[in-house]
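Using my numbering, you'd call the opening residue of the sequence shown number 23 and step up by one each time.
Here is the structure we will look at.
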Amino acid sequence: MATQLLMAKSPEEAIGAKNASAVFIAGGTEVNRLGSDAAAAADTLISLKKCAGLNEIEDAGDMVRIGAMCTFQQIIESAKVPEYLKEAAHFMASRTKRNMATIGGNIAALRDDSYLLPVLFAVHAELEILKAGGTESMPAYSYMESAESAGDMLIAAVSIPKDIKVVSKRYANTAQSHAVLTMSAAMTGEGISLYGAVKNVGLLYFCDLEKAFRENPDISEDEIVEMVRVCTGLETADDMFGSDAYKRYLIGVTAFGLHSKLAGKEV
Ligand SMILES: Cc1cc2nc3c(=O)[nH]c(=O)nc-3n(C[C@H](O)[C@H](O)[C@H](O)COP(=O)(O)OP(=O)(O)OC[C@H]3O[C@@H](n4cnc5c(N)ncnc54)[C@H](O)[C@@H]3O)c2cc1C
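Rendered as structure tokens:
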């Protein structure tokens with residue numbers, strides 16, 4: 023259990039102090055959660071609250087740059103942030119939590135019921151990352167892929183496109199419950215981009231479905247549902263969130279529905 027708290031004054035000080043027995047704390051809603059692994063394993067908490075320059079939202083041409091310490095509520099209230107990200111931020115139903123939880127903390131938590139990652143992946147959001155060796159830019163999806171192997175990383179900011187068509191869908195028993203599926207689709211220059219978070223399965227890139235929609239925009243719902251039903255690369259299981267068959271069906275019909283919406287078709 024953590025016994026020390028370091029109030030870092032700059033992102034550089036924070037990454038400089040990071041080691042295997044220290045964890046960053048942003049809004050603290052995940053780190054301070056009862057039974058959180060992060061807090062239990064740490065000796066030191068490195069607070070990012072007083073780090074200069076991490077909580078601004080800036081217009082950057084055709085992109086919006088959002089500092090990692092911006093809260094969900096700040097995102098919702100900013101006139102600069104596109105509606106699609108505000109919609110995803112609203113998936114966190116508690117305003118009290120939205121006033122604390124940050125976009126950087128949500129990304130780094132890499133949860134399989136993540137509020138924001140499906141949409142950030144779908145729009146190919148770029149992260150500014152600070153490592154011991156310096157700053158680099160990487161797509162949000164690459165951050166997830168390298169989170170375990172790339173050593174300590176501090177997310178400084180997230181850049182997202184302004185003018186992009188995006189649709190999202192989240193399924194949970196109540197607004198406060200964990201979602202069984204959160205999925206987002208965006209229309210990029212290359213065609214549809216499709217990502218999701220499936221509870222107890224993971225954060226997923228639906229590359230086969232993306233390919234199927236791009237190759238045949240008139241593909242039927244039955245064909246998509248069947249593709250997911252027989253997909254061997256998808257490792258779902260029966261659990262309290264639903265059966266394997268239910269989750270596969272939900273992924274199929276949701277992907278089809280989001281694609282239809284993006285294409286402006288009635289569903
Ligand atoms: C009851 C409850 C239900 C929840 N349900 C959900 C849910 O359904 N979906 C969901 O996505 N989340 C959920 N959460 C978790 C949490 O509220 C959110 O993920 C939140 O966005 C985390 O942001 P934070 O600023 O509070 O992060 P923190 O708790 O401060 O940090 C979370 C993690 O990110 C790391 N971190 C924080 N900032 C950075 C940074 N800038 N760079 C690198 N690493 C960083 C921390 O070290 C820690 O490992 C829930 C939490 C609670 C208490």
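For every residue, glycine included, the Cβ atom is placed at its ideal position computed from N, Cα and C.
- When the beta-carbon positions are compared, Leu70 and Ile47 come within less than 9 Å of each other.
- Residues of the same chain with a CB within less than 6 Å of the CB of Arg120, apart from the 5 flanking positions on each side, are Phe94, Gln95 and Met114 in chain order.
- Taking 8 Å as the cut-off, one finds at least one heavy atom of ligand 1 near enough to the beta carbon of Ser136.
- In the three-state DSSP reduction, Thr51 falls in the coil class, being neither helix nor strand.
- Bounds of any beta strand (DSSP E) do not take in Val250; it lies within the alpha helix (DSSP H) bounded by Glu243 to Arg251.
- Under the criterion of beta carbons closer than 8 Å, Phe263 and Lys221 qualify as touching, at roughly 5 Å.
- The three-state reading of DSSP puts Arg133 in coil, since its state is none of H, G, I, E or B.
- By the neighbour-count criterion, in which 16 or more other beta carbons inside 10 Å mark a residue as buried, Cys229 falls on the exposed side.
- Between Leu256 and Leu226, the C-beta gap is smaller than 9 Å, which places the two residues in contact.
- The stretch 62 to 77 and the stretch 26 to 35 touch, with three or more beta-carbon pairs separated by less than 8 Å.
- Set against 8 Å, the gap from the CB of Glu257 to the closest heavy atom of ligand 1 is not smaller.
- Thr124 places its beta carbon less than 9 Å from that of Ala90.
- The alpha helix (DSSP H) runs lying completely inside the stretch 147 to 186 and spanning 4 residues or more are 162 to 168, given in chain order.
- Checking the 8 Å criterion, the Cβ of Arg133 is within range of a heavy atom belonging to ligand 1.
- Under a 10 Å Cβ-count criterion, Thr204 is classified as buried, with 16 or more other Cβ atoms of the shown protein chains found around its own Cβ.
- DSSP places Ser282 in the helix class (H, G or I) of the three-state scheme.
- Of Pro140, Ile68, Ala61 and Asn77, the smallest CA-CA separation from Ala207 is found for Pro140.
- For Ala115, there is no enclosing alpha helix (DSSP H), as DSSP marks it with neither H nor E.
- Secondary structure of Lys269 (DSSP, three-state): helix.
- C-alpha of Glu243 to C-alpha of Lys40: approximately 48 Å in a straight line.
- In the structure shown, Asp65 falls within a coil segment according to DSSP collapsed to helix, strand and coil.
- A residue is called buried once 16 or more other Cβ atoms fall within 10 Å of its Cβ, and Asp65, having fewer, is exposed.
- In the structure shown, Thr276 falls within a helical segment according to DSSP collapsed to helix, strand and coil.
- Its Cα nearest to that of Val188, the residue Leu216 stands out among Met175, Ser168, Ala172 and Leu216.
- Under the three-state reduction of DSSP output, Gln26 falls in the strand class.
- In the same chain as Ile79, and ignoring 5 residues on each side of it, the C-beta atoms closer than 8 Å to its own belong to Val86, Arg87, Ile88, Gly89, Cys92, Gln96, Ile97, Ser100, Lys102 and Val103, in chain order.
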